[in-house]
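Visitor: Sending over a structure as structure tokens; questions will come in a sec.
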Ligand SMILES: [Zn+2]
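Numbering (the numbering used here), first residue to last: 2 to 697.
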């Protein structure tokens with residue numbers, strides 16, 4: 002009993018202090034417990050009826066849905082397996098009472114996997130089952146039925162140094178099968194850089210392994226190389242290395258994959274039409290395509306969508322339209338005819354294209370992907386939904402479970418919504434935990450953390466209920482302004498000689514004041530009856546502010562990368578580091594020069610590939626139409642400087658001149674981006690100020 006009461010009292014609450022000094026008899030404790038409960042209820046985010054709906058969620062049913070999807074087996078995009086998943090979800094959507102249930106087809110390139118196998122021929126005979134490696138638009142990664150035979154060479158991490166060293170030692174790679182240890186710290190673009198390099202040195206096939214592949218872990222890797230590739234578990238790789246130390250090992254490698262350039266995938270769509278604001282949408286997304294059965298990635302997301310939809314369909318009258326979408330082709334695909342390093346997310350890409358005229362009516366996208374393994378999940382969101390999300394986390398006492406961290410991710414279906422300015426929250430895995438089972442046959446229902454499932458179910462339902470029931474949309478631009486202000490004030494002094502941020506900072510401060518006043522006005526407005534026109538006006542302006550601000554706050558990271566970042570800190574840091582590097586180069590301060598360049602070039606510095614391979618990667622990224630943003634390339638200068646420093650060559654004026662030239666270009670681009678942001682801030686602030694007057 003006492004234990005329960007103590008847990009009820011919040012450590013941070015002032016009541017807690019009082020409680021400590023009160024006589025702790027049973028009756029007092031009971032009195033306190035009830036008083037505390039009333040106090041908690043009064044500040045609760047969810048009301049009684051909403052709480053009741055949350056209690057109706059069924060974890061067991063959701064776990065059943067995970068099992069049923071898992072039992073279909075692999076649901077790779079465009080394959081019969083994916084279609085089975087599609088039909089299962091479609092029938093579940095109908096069964097639970099969703100309206101307008103239908104499939105939305107889109108064209109994609111599909112890889113239909115048949116067999117991956119490594120057969121050791123000498124000195125022992127043994128067949129190893131393997132993970133697959135796919136490519137997006139050509140079949141060079143596959144073999145014919147007969148496979149490729151050759152002697153195996155262990156090339157370590159497969160860096161350019163590894164290949165050169167082995168060549169010096171007399172290894173001829175022609176016709177060899179190379180064993181590569183994948184290390185994502187060394188190579189930003191997993192595996193395909195090393196495989197390309199193996200191909201350049203004449204190898205005829207490659208085997209990938211990684212220390213994160215446990216005993217029975219197999220994994221797919223995508224590759225741009227035109228030699229066949231498979232992957233094996235680490236324990237098998239170690240056994241292979243023991244054999245290699247004793248002498249030559251010969252093997253036959255098969256990776257039989259049918260490439261279908263004109264396949265079809267589907268998004269499954271169902272909805273609950275809103276009775277008050279049918280044209281305003283809350284869009285839920287998860288993906289049904291998968292590698293292997295994928296209980297976690299992403300049968301769990303689909304199961305949450307079904308579970309939440311069922312409770313709503315049977316027990317709730319929604320004001321806005323709630324749309325439930327499971328996407329195909331998230332893991333891996335492209336539209337035929339599109340060449341882009343930014344592949345995957347085909348379903349959400351198709352959805353946002355096919356529903357382009359509706360995007361500005363989407364109140365929020367809630368995305369669920371691969372969150373149910375390990376001990377905690379990650380949340381990525383656009384800033385105006387941060388405060389609502391945090392309040393719900395607190396309400397569910399789920400602080401230990403969720404970390405709201407980082408910008409919306411380019412590797413998630415939420416990206417195509419965010420790209421169009423749609424507010425979005427996504428519940429995702431903690432990647433460091435998830436790597437253990439990532440895209441492997443270990444992603445099974447037994448490893449689903451029921452507690453993470455339960456929390457995702459209730460967080461999702463609670464978000465929908467709040468977004469649906471709030472007459473005035475519960476966006477809070479205070480977080481937008483606060484985050485931005487912090488990012489700017491931390492950096493303004495460091496860039497002041499190049500860029501004047503004072504106007505921008507003033508405008509951010511102004512937005513903060515407006516946002517705070519708006520929050521107050523909105524909560525006092527809730528107490529009175531608002532006319533429909535006012536509600537429409539307020540929501541329309543709020544939503545337009547999201548569309549205007551978000552694409553300028555979150556974008557593809559600067560540099561050669563396809564990951565997302567908060568624009569202002571990332572871009573300003575790029576300038577700061579580049580400036581530091583230039584100054585250090587002029588002073589011949591090698592240490593500062595290399596640390597600042599490394600901070601800029603990130604993992605790319607460690608590509609450790611030949612210039613030819615590097616140029617292929619560089620071209621792929623710079624040519625990417627989907628990964629727009631600020632793209633620049635400092636690797637050539639960085640490499641040249643490193644080379645000269647090793648050779649003790651003092652004259653680095655060419656490199657300095659080149660860095661200075663790039664600094665100027667980047668500065669111009671950043672300036673343009675920040676002035677667009679400035680304009681959006683001014684416009685949003687004045688529009689939101691109008692809202693405040695309207696609510697007065
Ligand atoms: Zn996923």
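Here a beta-carbon is modelled for each residue, glycine too, at the ideal position from N, C-alpha and C.
1. Can you tell me whether residue 696 is helix, strand or coil according to DSSP?
2. Cα separation between residue 273 and residue 469?
3. If we ignore side chains and look at the alpha-carbon of each, how far apart do residue 661 and residue 497 end up?
4. Please state whether the Cβ-Cβ distance between residue 508 and residue 425 is less than 8 Å.
5. Let me know the secondary structure DSSP gives residue 511 once reduced to three states.
6. Check residue 454 in the structure and name its three-state DSSP category.
7. Do the CB positions of residue 249 and residue 152 come within less than 8 Å of each other?
8. Are the beta-carbon atoms of residue 636 and residue 194 separated by less than 8 Å?
9. In whole angstroms, what is the alpha-carbon distance linking residue 629 and residue 378?
10. Is the beta carbon of residue 257 less than 8 Å from the beta carbon of residue 143?
11. Looking only at its chain, what residues have a beta carbon closer than 6 Å to the beta carbon of residue 244, apart from the 5 residues adjacent to it on each side?
12. Checking 8 Å against the spacing of the C-beta atoms, do residue 279 and residue 322 come in under that value?
13. Assign residue 438 to one of two classes, buried (16 or more other C-beta atoms within 10 Å of its C-beta) or exposed (fewer than that).
14. Where does residue 683 fall in DSSP's three states?
15. What's the gap between the Cα of residue 171 and the Cα of residue 292?
16. Taking 8 Å as the cut-off, does the segment 388-406 touch the segment 472-481 (at least 3 CB pairs, one atom from each stretch)?
17. Please say whether residue 375 and residue 320 have beta carbons closer to each other than 8 Å?
18. Hey, could you find the ends of the beta strand (DSSP E) residue 264 is sitting in?
19. Looking only at its own chain, which residues have a Cβ that is under 6 Å from the Cβ of residue 296, when we skip the five neighbours before and after it?
20. Is the segment 517-526 in contact with the segment 664-680, if contact means three or more CB pairs nearer than 8 Å?
21. Return the residue from the list 580, 520 and 487 that minimises the CA-CA distance to residue 569.
22. According to the neighbour-count rule (16 or more other Cβ atoms, all chains shown, within 10 Å of its Cβ), is residue 204 buried or exposed?
23. Residues in its own chain within less than 6 Å of residue 311 by CB, not counting five upstream and five downstream?
24. Considering only residues of the segment 310-343, which uninterrupted beta strand (DSSP E) runs meet the minimum length of 3 residues and lie entirely inside it, listed in chain order?
25. At the 8 Å Cβ level, is residue 686 part of the contact set with chain B, yes or no?
26. So does residue 410 have its beta carbon nearer than 7 Å to some heavy atom of ligand 1?
27. Take every Cβ of the segment 459-469, pair it with every Cβ of the segment 405-422, and state whether three or more of those distances are shorter than 8 Å.
28. Between the Cα of residue 591 and those of 482, 651, 428 and 624, spot the shortest distance and give me the residue it belongs to.
29. Can the beta-carbon of residue 192 be found less than 8 Å from the beta-carbon of residue 254?
30. Grab the span of the alpha helix (DSSP H) containing residue 529 for me, first residue to last.
31. Look at the alpha carbon of residue 581 and the alpha carbon of residue 88, and state the distance between them as a whole number of angstroms.
32. Can you tell me which of 175, 183 and 373 puts its alpha carbon nearest to the alpha carbon of residue 159?
33. Bridge partners for residue 155 per DSSP, in chain order?
34. Just to confirm, are residue 555 and residue 653 a CB contact at a threshold of 8 Å?
35. Go through the segment 348-400 residue by residue and report every complete run of the alpha helix (DSSP H) that reaches 4 residues or more, in order.
36. Measuring only from the beta carbon, is residue 371 closer than 7 Å to any heavy atom that is part of ligand 1?
Guide: To lay it out plainly:
1. For the purposes of this step, residue 696 is taken as the residue at position 695 of the chain shown. Of the three classes helix, strand and coil, the one that applies to residue 696 here is helix, per DSSP.
2. What you label residue 273 is simply residue 272 of the chain shown in a count that begins at 1. What you label residue 469 is simply residue 468 of the chain shown in a count that begins at 1. Near 12 Å, if we compare the C-alpha coordinates of residue 469 and residue 273.
3. Indexing the chain shown from 1 puts residue 661 at position 660. Indexing the chain shown from 1 puts residue 497 at position 496. CA-CA distance, residue 661 to residue 497, rounds to 17 Å.
4. Counted from its first residue, the chain shown places residue 508 at position 507. Counted from its first residue, the chain shown places residue 425 at position 424. Cβ distance not < 8 Å, so residue 508 and residue 425 don't count as in contact.
5. Taking the first residue of the chain shown as position 1, residue 511 is located at position 510. Residue state, collapsed to three classes: helix.
6. Mapped onto the chain shown, residue 454 falls at position 453. If DSSP states are grouped into helix, strand and coil, residue 454 belongs with the helices.
7. Working through the chain shown from its first residue, we reach residue 249 at position 248. Working through the chain shown from its first residue, we reach residue 152 at position 151. Yes, Cβ-Cβ distance for residue 249 and residue 152 is below 8 Å.
8. As a working mapping, residue 636 is identified with position 635 in the chain shown. As a working mapping, residue 194 is identified with position 193 in the chain shown. Not in contact: residue 636 and residue 194 (Cβ atoms no closer than 8 Å).
9. The residue labelled residue 629 in the question sits at position 628 within the chain shown. The residue labelled residue 378 in the question sits at position 377 within the chain shown. Rounded to the nearest angstrom, the two C-alpha atoms are 28 Å apart.
10. Taking the first residue of the chain shown as position 1, residue 257 is located at position 256. Taking the first residue of the chain shown as position 1, residue 143 is located at position 142. Yes, the Cβ-Cβ distance between residue 257 and residue 143 is below 8 Å.
11. Within the chain shown, residue 244 is the residue found at index 243, counting from 1. If you ignore the 5 residues before and after residue 244, its C-beta comes within less than 6 Å of the C-beta of 250, all in its own chain and listed in chain order.
12. Here the question's residue 279 lines up with position 278 in the chain shown. Here the question's residue 322 lines up with position 321 in the chain shown. For residue 279 and residue 322, yes; Cβs fall inside 8 Å.
13. Locating residue 438 in the chain shown gives position 437, where the first residue counts as 1. Residue 438 should be labelled buried.
14. In the chain shown, counting from the first residue as 1, residue 683 sits at position 682. Looking at residue 683 - three-state DSSP - the assignment turns out to be helix.
15. In the chain shown, counting from the first residue as 1, residue 171 sits at position 170. In the chain shown, counting from the first residue as 1, residue 292 sits at position 291. Their backbone Cα atoms lie some 39 Å apart in a straight line.
16. yes
17. Looking up residue 320 in the chain shown gives position 319. Looking up residue 375 in the chain shown gives position 374. Going by C-beta atoms, residue 320 is not nearer than 8 Å to residue 375.
18. What you label residue 264 is simply residue 263 of the chain shown in a count that begins at 1. That run of the beta strand (DSSP E) goes 251-273.
19. The residue you call residue 296 lines up with position 295 of the chain shown. If we look at residue 296 and ignore the five residues flanking it on each side, its Cβ neighbours are 67, 71, 444, 445, 446 and 449.
20. no
21. Along the chain shown, one-based indexing puts residue 569 at 568. The candidate whose alpha carbon is nearest that of residue 569 is 487.
22. Working through the chain shown from its first residue, we reach residue 204 at position 203. In the assembly as shown, residue 204 is a buried residue. Its beta-carbon has 16 or more other beta-carbons within 10 Å.
23. Here residue 311 refers to the residue found at position 310 of the chain shown. Cβ within range, chain order: 97.
24. Counting only runs of 3 or more, we get 321-328.
25. Note that chain B does not occur in the displayed structure, where there is just one protein chain.
26. Here residue 410 refers to the residue found at position 409 when the chain shown is read from its first residue. Of the heavy atoms belonging to ligand 1, none sits nearer than 7 Å to the Cβ of residue 410.
27. The segment 459-469 vs the segment 405-422: no contact.
28. Looking up residue 591 in the chain shown gives position 590. For the options 482, 651, 428 and 624, the alpha carbon positioned closest to that of residue 591 is the one of 651.
29. Taking the chain shown and counting its residues from 1, the one referred to as residue 192 is at position 191. Taking the chain shown and counting its residues from 1, the one referred to as residue 254 is at position 253. No, Cβ-Cβ distance for residue 192 and residue 254 is not below 8 Å.
30. Residue numbering aside, residue 529 sits at position 528 when the chain shown is read from its first letter. No alpha helix (DSSP H) contains residue 529, which DSSP labels as neither H nor E.
31. Residue 581 sits at position 580 when you count from the first residue of the chain shown. Residue 88 sits at position 87 when you count from the first residue of the chain shown. So the two alpha carbons sit approximately 57 Å from each other.
32. Position 158 of the chain shown holds residue 159. Comparing Cα positions, the closest option is 183.
33. As a first step, residue 155 must be located in the chain shown, where it is residue number 154. Listed as beta-bridge partners of residue 155 by DSSP are 180.
34. Here the question's residue 555 lines up with position 554 in the chain shown. Here the question's residue 653 lines up with position 652 in the chain shown. Taking 8 Å as the Cβ cut-off, residue 555 and residue 653 do not qualify as a contacting pair.
35. 387-396
36. If you number the chain shown from 1, residue 371 lands on position 370. Within the cutoff, so yes.
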